[in-house]
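Enquirer:
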Amino acid sequence: MAAAIMAPIGLPMLVPEFRRASAPGLLPQTDEDIVTCWTPVIKTHGCITQMYESLCKNAFSSIGPACCRAITDIKQTCWPRMFPFHPDFPPLVRGHCADFLGFGKPETSG
453 MAAAIMAPIG
463 LPMLVPEFRR
473 ASAPGLLPQT
483 DEDIVTCWTP
493 VIKTHGCITQ
503 MYESLCKNAF
513 SSIGPACCRA
523 ITDIKQTCWP
533 RMFPFHPDFP
543 PLVRGHCADF
553 LGFGKPETSG
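Take the position in the sequence shown, starting the count at 1, then add 452; the result is the number in this note's numbering.
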């Protein structure tokens, strides 16, 4: 499954495969709500790869403007479900994108 993560060109076709994947804190879980949470980044070319690299390297320079816009579209209530084993990642990536896009600090309420 790691090869699918690194091949973002065909990623939209792999969404059903994500539902069966097991990578807590990185890939969608099995219910439709979590798939909806991932939709903005799945629809943005290369965004899954950029997020994955940022998570692995703990550096956000690989996240571009299109991915940051997708990240800002993720609801606050989705983040704990998307990254249950990486609770520090969501505020860091959201903060990076808010600064990168000139939004300032992201809101903390749902």
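Cβ atoms here follow ideal geometry from the backbone N, Cα and C, with glycine treated the same way.
What do you get for Gln502, buried or exposed, if any count of 16 or more other CB atoms within 10 angstroms of its CB means buried?
Expert: It is buried - the Cβ of Gln502 has at least 16 other Cβ atoms within 10 Å.
Enquirer: Do the segment 483-502 and the segment 541-549 make contact, defined as three or more Cβ pairs closer than 8 Å?
Expert: The segment 483-502 vs the segment 541-549: no contact.
Enquirer: Should Phe537 be labelled buried (16 or more other beta-carbon atoms within 10 Å of its own) or exposed?
Expert: The residue in question, Phe537, is exposed, as its Cβ has fewer than 16 Cβ neighbours within 10 Å.
Enquirer: As a quick exercise: from Cys549, Ala522, Cys530 and Ala550, pick the residue whose alpha carbon is nearest that of Val487.
Expert: Checking every option, the nearest Cα to that of Val487 belongs to Cys530.
Enquirer: Please classify Cys549: is it buried, with 16 or more other beta-carbons within 10 angstroms of its beta-carbon, or exposed?
Expert: Answer is buried; the Cβ neighbour count reaches 16.
Enquirer: Taking the C-alpha atoms as reference points, what is the distance between Phe512 and Ser506?
Expert: Approximately 5 Å, taken between the alpha carbons.
Enquirer: Looking only at its own chain, which residues have a Cβ that is under 8 Å from the Cβ of Thr524, when we skip the five neighbours before and after it?
Expert: Here the set comprises Arg546, Cys549, Ala550, Leu553, Phe555 and Pro558.
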